[in-house]
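Going by the working numbering, 183 is the number at position 174 of the sequence shown; the sequence numbering is gapless.
Heads up, the thing below is written out as structure tokens.
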Amino acid sequence: MKLFLAMMSHETNTFSNVPADRAQFEARNLHYGGAILENFRDTGTCLGGMIDVARRHGATLVPSVAASASPAGHVTADVYHTVKERMLQDLAASGRLDGVLLDLHGAMVPEGLDDGEGDLIAAVREAVGPAVPIAVTLDFHGNLSAAMVKHATLLHGYKTYPHVDMAERGAEAAARLMDVIAGRLRPTVAFRKPPLLPALGNQGTARGPMRRLYDLADEMERDPRVISISVFAGFPFADIPDAGFGVYVVTDDDQALAEQLAETLTRVAWEHRHEFLHTALPVREAVAKALAAEGRPMILADMADNTGGGAAGDGTEILRELVRVGARSAVVACLWDPAAVLSCVKVGVGARVTLEVGGKVDDRHGAPLSVTGTVRTLSDGRFVHKGPMMRGLPGRLGTTAVLDVDDIKVILISYRWQTFDPEMIRFVGIDPTAEKVVVVKSTIHYRAAFEPLAKEIIEVDAPGLSSSNLTRFPFERIRRPIFPLDLGTTYP
Ligand SMILES: [Zn+2]
């Protein structure tokens with residue numbers, strides 16, 4: 010059995026002014042051919058799961074291209090078309106294929122296109138023809154579209170946020186694809202897109218509305234006629250018509266059942282839509298609460314400055330408050346500021362330096378902050394993920410400096426990456442459990458690894474492009490009315 014394998018993954022925050030260009034992809038993943046297998050084999054990723062199942066079933070993989078970048082603004086047309094063309098060329102050169110495995114995101118917005126994945130899957134479909142099944146993994150934050158549903162044979166969305174089931178979904182996609190190829194399954198699909206735009210803050214699957222929906226979906230999946238169910242919370246920071254919540258149900262040759270289950274899940278989501286509304290503590294209150302608390306570490310989640318949601322990652326407002334009140338035993342992880350890193354490299358370890366950190370990308374994450382501190386460490390930014398997310402996958406933060414500002418340790422990084430793994434703090438010689446205050450720039454993902462070691466978590470309402478207060482965003486192109494931007498939206 011011969012299966013084509015490719016990855017193109019980006020979560021696009023259309024409000025960001027940081028283009029997802031070639032450099033951003035090269036800093037994360039841009040691999041071709043056999044290097045894909047080397048890089049992703051035995052990792053907690055979709056590709057890791059796909060590669061594992063293919064190996065166990067003796068399938069031959071034709072690895073083409075694997076491209077991903079940290080969430081940011083639009084994917085440049087150059088990168089998108091380069092990757093797409095590469096896939097199409099490799100498909101043409103592959104000869105007869107039995108199936109196609111794609112690891113995509115679902116919220117990619119290339120320049121000049123609203124629905125990157127819809128466009129890409131359509132192109133692959135055209136290349137392989139109607140008879141070759143295509144199985145696709147999508148992120149929990151995918152903004153499901155009619156084009157994705159139409160051109161793919163099977164979609165498999167992650168069922169967890171934090172995303173700890175990527176390898177499992179990749180394995181599932183590969184296994185079900187083989188079932189379809191062997192004629193054991195005949196997929197029939199239903200999907201729904203109610204007018205619902207959940208903010209990230211209450212999308213977590215440990216509790217709340219998404220837990221309820223996945224409990225229900227898990228129950229439905231026990232029926233042997235159900236192949237799989239994906240409930241997409243959606244990515245709200247994409248100002249495109251299809252942004253938001255989506256339900257996808259695929260059954261074995263039973264269209265009526267697929268429609269019925271999709272409708273039930275959508276109704277339940279709609280009934281509980283108010284549970285998606287999220288509030289967090291203002292910066293001053295949050296810092297005061299953390300410093301006054303007994304025990305450590307107090308985790309301050311800088312939810313709105315999550316590079317994993319396309320925010321800048323250089324927000325300064327929590328750091329500014331820590332400095333203002335003279336906090337001690339604090340760490341800020343991690344602040345994206347290559348210029349500040351360079352300044353630290355110039356003076357070297359042990360030197361004192363005054364410099365402006367953060368607030369440089371745009372005016373949506375607080376102004377730059379002038380600080381004086383000692384360069385505590387410098388490193389090449391290489392670490393390995395050790396938490397429940399992406400375990401085993403090498404991470405690269407680029408040249409990394411720790412600036413110690415009167416016992417507020419600011420981890421300055423050169424490549425954008427969300428702080429969801431404590432290893433991003435440990436690898437520079439700081440033990441997060443020994444600190445009183447740990448600021449993490451993450452909305453939900455940090456919970457998988459930080460919740461078990463936290464004394465307490467405080468969600469902070471600082472400014473930023475991944476804020477769960479959606480009324481702060483100048484939406485123009487999203488379909489209206491939509492809840493909660495239009496609170497009186499009724500179910501169609
Ligand atoms: Zn996601």
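Where is the CB? At the ideal position from N, CA and C, for every residue including glycine.
- Along the length of the segment 39-72, whole beta strand (DSSP E) runs at least 3 residues long do not occur.
- Judged by DSSP in its simplified three-state form, K202 adopts coil rather than helix or strand.
- Under the DSSP assignment, S352 falls in the alpha helix (DSSP H) whose first and last residues are P347 to V356.
- No Cβ-Cβ contact shorter than 8 Å links G318 with P472.
- Membership of A443 in any alpha helix (DSSP H) is not indicated, and neither H nor E is assigned to it by DSSP.
- In the structure shown, the three-state DSSP call for G317 is helix.
- The beta carbons of R337 and K464 sit about 16 Å from each other, so the pair does not count as a contact at 8 Å.
- CA-to-CA, the gap between I467 and V74 works out to about 40 Å.
- Here the distance from the Cβ of H150 to the nearest heavy atom of ligand 1 is below 7 Å.
- One Cα belongs to D415, the other to G382, and the distance between them is close to 7 Å.
- The shortest C-alpha to C-alpha distance from A136 to any of R105, V88, S239 and G151 is the one to R105.
- Residue nearest to R400 within the set A29, A199, T52 and A180 is T52 (criterion: CA-CA distance).
- Ligand 1 has a heavy atom closer than 7 Å to the beta-carbon of E20.
- Closest by C-alpha distance to D87, out of G108, V71 and V118, is V118.
- Here A247 really is in contact with A116; their C-beta atoms are around 6 Å apart, less than 8 Å.
- When beta bridges are read from the DSSP output, P233 appears opposite no residue.
- Within 7 Å of the C-beta of H394 there is not a single heavy atom belonging to ligand 1.
- The three-state secondary structure of A247, taken from DSSP, is coil.
- Under the three-state reduction of DSSP output, D372 falls in the coil class, being neither helix nor strand.
- The segment 258-273 makes no contact with the segment 404-412, as fewer than three CB pairs between them are under 8 Å.
- In the three-state reduction of the DSSP assignment, D413 falls in the strand class.
- At the C-beta level, R282 and L225 stay beyond 8 Å of one another.
- Residue ranges of uninterrupted alpha helix (DSSP H) with 4 or more members, entirely inside the segment 115-176 and ordered along the chain, are 125-137 and 155-160.
- The Cβ neighbour count for S379, taken over all protein chains shown within 10 Å, is under 16; the residue is labelled exposed.
- Secondary structure of P196 (DSSP, three-state): strand.
- With respect to the 8 Å criterion, L186 and G108 are classified as neighbours on the basis of their beta carbons.
- As the crow flies, the alpha-carbon of L46 is around 14 Å from that of R65.
- Bridge pairing for V88: absent [DSSP].
- With a cutoff of 7 Å, H281 does not count as near ligand 1, since its C-beta is closer than that to no heavy atom of the ligand.
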